[in-house]
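Trainee:
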Amino acid sequence: MSRKSLFVPLIALLLFSLLTALAWQHHFANMRPLLRDLVGDQLGPDMQIFGDSPSHDIQAMQAIEAEAKRGDAGAQFMHALTLESFDMKSALRWHQAAADQGYELAIARLEEIRLERTDAAKR
34 MSRKSLFVPL IALLLFSLLT ALAWQHHFAN MRPLLRDLVG DQLGPDMQIF GDSPSHDIQA
94 MQAIEAEAKR GDAGAQFMHA LTLESFDMKS ALRWHQAAAD QGYELAIARL EEIRLERTDA
154 AKR
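Quick note on the working numbering: the sequence shown kicks off at 34 and runs consecutively.
1) Please classify H128 as buried or exposed, where buried requires at least 16 neighbouring CB atoms within 10 angstroms.
2) Are the beta-carbon atoms belonging to A153 and A131 less than 8 Å from one another?
3) Relative to the alpha-carbon of G135, which residue among G107, A54, S35, I44 has its alpha-carbon at the smallest distance?
4) Alpha carbon to alpha carbon, how far is S50 from F61? Give it in angstroms, no decimals.
5) When DSSP labels each residue in this structure, what does D90 get in the three-state scheme?
6) When we look at the beta-carbon of E100 and count the other beta-carbons within 10 Å, is it buried (16 or more) or exposed?
Now the structure itself:
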């Protein structure tokens, strides 16, 4: 193949690579933070993060919910995050319970939800 015949496929490949990289960058920029990143070092030795191990998800959910019901603000926040995708009403109650105790991540998440709802209402 000559240089001219390689030029067009090379430019097409570079353009495709650039557009793919931009698409992934946009995708990751708009992702919610991972639960593990949000809770940091607040996990006790007997607690699991939901999604880390599918075999332990039910046990982790039960442990988090039990701690949340005992009034642990961090557990209330984590429990609320796990509920958001399928029961936003309950999630908001748990976020509010954690926020009422001054839990900063819950306060910030409530603000995010309020802004998301305001933006959605404007559309």
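Using N, Cα and C, we set each Cβ at its ideal position, and we do this for glycine too.
Mentor: Quick look at the numbers:
1) Position 95 of the sequence shown, counted from the first residue, corresponds to residue 128. Answer is buried; the Cβ neighbour count reaches 16.
2) Here residue 153 refers to the residue found at position 120 of the sequence shown. Here residue 131 refers to the residue found at position 98 of the sequence shown. For A153 and A131, no; Cβs fall outside 8 Å.
3) Reading the sequence shown from its first residue, position 102 is the one you call residue 135. Per the Cα distances, G107.
4) Locating residue 61 in the sequence shown gives position 28, counting from the first residue. Locating residue 50 in the sequence shown gives position 17, counting from the first residue. For F61 and S50, the distance between alpha carbons rounds to 17 Å.
5) The residue labelled residue 90 in the question sits at position 57 within the sequence shown. Here D90 sits in helix by DSSP.
6) Here residue 100 is taken as the residue at index 67 of the sequence shown, counted from 1. The residue in question, E100, is buried, as its Cβ has 16 or more Cβ neighbours within 10 Å.
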